[in-house]
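Student: Would you mind keeping the following structure in view while I ask a few things?
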Amino acid sequence: MLNLHSFDGYLAFKEDESRKAGRALADDYRNASPFPHVVIDDFLDADVLRAVASAYPSTVDRKHFDREQERLKYQFHADEAESGIVRNLLAELNGRAFLGFLEEMTGIRGLISDPYLVGGGLHLTRRGGHLGVHADFNVHEPMKVERRLNLLIYLNDDWDQAYGGALELWDRAMQRCEKKVDPVLGRAVIFSTNLDSYHGHPDPLDCPPERDRRSIATYYYTALPVQPDEVRKRTTTFQVRPGTKDRVDWKVKFDHVISDWVPPRLQRYGRRLNPFR
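Using the working numbering, read the sequence shown as starting at 136 and increasing by one per residue.
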């Protein structure tokens, strides 16, 4: 879908090509349900993505998410990768040409990329792991900007549907899953992020022990329309699917009560009282 051109060995998008590709997807993206999104196969060169997939840092002795809502999930920042291709690609996904692609497709102007890669970078989930259905945090604290878009690019060659790991997009009432996207090599998903754009891969992976689920994740922002202290801030908010054994994330619910009802100068002390930590 998008071409990476070599400039003395550095791979880069061209802005005019990227904007044209974005315009071609605008109707599909903006009219999608349950919230604006697009699924694109063969998004980038498969050999480049295979090189990224093979260059992950080691997970030995590395901390990972391990609780009811998200289990056996690892995240790696670009700075942790001893690979030029990984750093090159993540830099381009945060560059001006790619922002042009996103702006033309979504109609959102003034998009801001994230040099900090907060929550983004390279993701890996082990067999038995999962990520519950959730809506993402809405404010990037270091930059004081509002989250608007997620990009996921999957890196899983020869992925059998029986392994699970499909991304699920749920309706805003959390009554049903409207779309499932298998995480196969070269497939990209771009979607709007707001307080009810619910998504995840909530069922435990059933891949062979030597396999795992790998993806690139980058997020995009715009300037806040109001002062930061006037925003109803939310961290990642997990949801309970009807008819399942999903558990309520009481820790986050308690934090949101503190954010909404406790004066800012006292919130730090209030969170220390959280019985669900």
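Glycine included, each C-beta is placed from N, C-alpha and C at the ideal position.
(1) Would you call Thr379 buried or exposed, if buried means 16 or more other Cβ atoms sit within 10 Å of its Cβ?
(2) Using CA coordinates, which residue listed in Asp182, Asp151, Gly263 is at the minimum distance from Arg202?
(3) What residue from Leu234, Val187, Thr357 has the CA that sits closest to Gly321's CA?
(4) Given this structure, state the Cα-to-Cα distance separating Glu152 from Leu137, to the nearest angstrom.
(5) Please classify Tyr191 as buried or exposed, where buried requires at least 16 neighbouring CB atoms within 10 angstroms.
(6) Grab me the residues of Met309's own chain with a C-beta within less than 8 Å of its C-beta, minus the 5 sequence neighbours each way, in chain order.
(7) In the DSSP assignment, find the unbroken alpha helix (DSSP H) run with Gly144 in it and report its ends.
(8) So is Glu414 buried or exposed if we call it buried at 16+ other beta carbons inside 10 Å?
(9) Using alpha carbons as the reference points, say which of Ala301, Asp249, Asp293 lies closest to Met278.
(10) Quickly, what does DSSP pair Gly335 with across the bridge? List them, please.
(11) By Cβ distance, which residues of its chain are closer than 6 Å to Ala352, with the 5 residues on each side in sequence left out?
(12) For Leu237 versus Tyr355, is the C-beta spacing smaller than 8 Å?
(13) Helix, strand or coil: how does DSSP classify Leu224 here?
(14) Note down the Cα distance separating Arg349 from Ala167, rounded to an integer number of angstroms.
(15) Thinking C-alpha only, which one of Leu207, Arg154, Arg158, Leu228 is nearest Ala323?
(16) Considering only their Cβ atoms, is the gap separating Ile243 from Arg283 smaller than 8 Å?
(17) Along the chain, which unbroken stretches of the beta strand (DSSP E) at least 3 residues long are found entirely within the segment 150–183?
(18) Helix, strand or coil for Gly264? Go by DSSP, reduced to three states.
(19) Measure the C-alpha to C-alpha separation of Tyr209 and Phe233 and round it to an integer number of angstroms.
(20) Tell me whether Ala270 sits in a helix, a strand or coil according to DSSP, three-state version.
(21) Exposed or buried, what is Leu290 when buried is set at 16 or more other beta-carbons lying within 10 Å of its beta-carbon?
(22) Can you grab the Cα-Cα spacing for the pair Glu303 / Asp295, in whole Å?
Tutor: According to the structure data:
(1) Counted from its first residue, the sequence shown places residue 379 at position 244. Flag for Thr379 reads exposed.
(2) Position 67 of the sequence shown, counted from the first residue, corresponds to residue 202. It is Gly263 whose Cα lies nearest to the Cα of Arg202.
(3) Position 186 of the sequence shown, counted from the first residue, corresponds to residue 321. The option with the nearest alpha carbon to Gly321 is Val187.
(4) Start at 1 with the first residue of the sequence shown, and residue 152 comes out as number 17. Start at 1 with the first residue of the sequence shown, and residue 137 comes out as number 2. Cα to Cα, the separation comes out at about 8 Å.
(5) One-based indexing of the sequence shown puts residue 191 at position 56. Result: buried.
(6) Within the sequence shown, the letter at position 174 stands for residue 309. Closer than 8 Å at the Cβ level, and outside the excluded window around Met309, lie Val268, Tyr333, Gln374, Val375, Arg376, Pro377.
(7) For this step, residue 144 is matched to residue 9 along the sequence shown. Element bounds for Gly144: n/a, residue is neither H nor E.
(8) For the chain, the structure presents residues 136 to 412; residue 414 sits outside this window and is missing.
(9) Counting from one through the sequence shown, the residue named residue 278 turns up at place 143. Residue Asp249 is the option with its Cα nearest to Met278.
(10) Numbered from 1 along the sequence shown, position 200 holds the residue referred to as residue 335. For Gly335, which the question treats as bridged, DSSP gives the partners Glu303.
(11) The residue you call residue 352 lines up with position 217 of the sequence shown. Excluding positions up to five away in sequence, the list reads Gly255, His258, Leu287.
(12) For the purposes of this step, residue 237 is taken as residue 102 along the sequence shown, with counting starting at 1. For the purposes of this step, residue 355 is taken as residue 220 along the sequence shown, with counting starting at 1. It is a contact, given that the beta carbons lie within the stated cut-off.
(13) To locate residue 224, count along the sequence shown from 1; it is residue 89. Helix, per DSSP.
(14) Along the sequence shown, one-based indexing puts residue 349 at 214. Along the sequence shown, one-based indexing puts residue 167 at 32. Roughly 25 Å between the two C-alpha positions.
(15) Numbered from its first residue, the sequence shown carries residue 323 at position 188. The shortest C-alpha separation from Ala323 is found at Leu228.
(16) Taking the first residue of the sequence shown as 1, we reach residue 283 at position 148. Taking the first residue of the sequence shown as 1, we reach residue 243 at position 108. A contact, by the Cβ cut-off of 8 Å.
(17) 172–175
(18) Your numbering for residue 264 matches position 129 in the sequence shown. Here Gly264 sits in strand by DSSP.
(19) As a first step, residue 209 must be located in the sequence shown, where it is residue number 74. As a first step, residue 233 must be located in the sequence shown, where it is residue number 98. Spanning the two alpha carbons is a distance of roughly 26 Å.
(20) Looking up residue 270 in the sequence shown gives position 135. Here Ala270 sits in strand by DSSP.
(21) Walking along the sequence shown from the start, residue 290 turns up at place 155. Its Cβ being crowded by 16 or more others within 10 Å, Leu290 is buried.
(22) Looking up residue 303 in the sequence shown gives position 168. Looking up residue 295 in the sequence shown gives position 160. Going by the C-alpha atoms only, they are around 17 Å apart.
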